[in-house]
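Trainee:
In my numbering, the protein residues as written are 3 to 140.
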């Protein structure tokens, strides 16, 4: 596999990992950086944008879902934090449902997207930086 194919595979893994489908983009990112440490910046950008796009897709799907009653806990969470709650959309399991719920609640699209991108970009920056500090990327 060449560098471009590895980045494409990372993008697919990151996108799918942000949906309710199972995935582990952290392993894909780590494997890519072990083989090509010089790709740290493109890998960070690819993972951040693709994972954000996956959450944006969930946000869009939530907006299209029929209106039913949202569980009280989720409704309270978004009433308290609004779109800023989506900074946690990267959290495994729980984070996958946050964009769906935000879309269902018709929260402002651009604000939601901004918080999603911020959270996911910081997460992948910490992963890339952690690998570099641990000596796992050359």
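From the three backbone atoms N, C-alpha and C, an ideal C-beta is built for every residue, glycine too.
Answer with buried or exposed for residue 108, where buried requires no fewer than 16 other C-beta atoms within 10 angstroms of its C-beta.
Mentor: So residue 108 ends up on the exposed side.
Trainee: In whole angstroms, give me the CA-to-CA distance for residue 13 and residue 125.
Mentor: So the two alpha carbons sit approximately 15 Å from each other.
Trainee: My assumption, with CB atoms under 8 Å, is that residue 92 sits in contact with residue 121. Please give the rounded CB distance.
Mentor: 5 Å between Cβ atoms; contact.
Trainee: Would you mind working out which of 34, 133, 117, 128 sits nearest residue 57, comparing C-alpha positions?
Mentor: For the residues 34, 133, 117, 128, the minimum Cα distance to residue 57 belongs to 117.
Trainee: So residue 103 and residue 64 are in contact, right, with Cβ under 8 Å, and what is the actual spacing, rounded?
Mentor: That pair is a contact at about 6 Å.
Trainee: Please report the distance separating the alpha-carbon of residue 66 from that of residue 59.
Mentor: Straight-line Cα distance between these residues: approximately 11 Å.
Trainee: Mapping DSSP to helix, strand and coil, what is residue 21?
Mentor: In this structure, residue 21 counts as coil in the three-state DSSP scheme.
Trainee: Establish whether the CB of residue 60 and some CB of chain D are separated by less than 8 Å.
Mentor: Absent here is chain D; the protein component of the structure consists of one chain.
Trainee: Please look up how many angstroms separate the CB atoms of residue 38 and residue 105, rounded, as I've assumed it's under 8 Å.
Mentor: Not confirmed; about 35 Å, so no contact.
Trainee: For a quick check, are the C-beta atoms of residue 31 and residue 128 less than 8 Å apart?
Mentor: Contact: no.
Trainee: Scan the stretch 32-71 and note each continuous alpha helix (DSSP H) run of 4 residues or more that stays entirely inside, going in chain order.
Mentor: Listed in chain order, they are 42-66.
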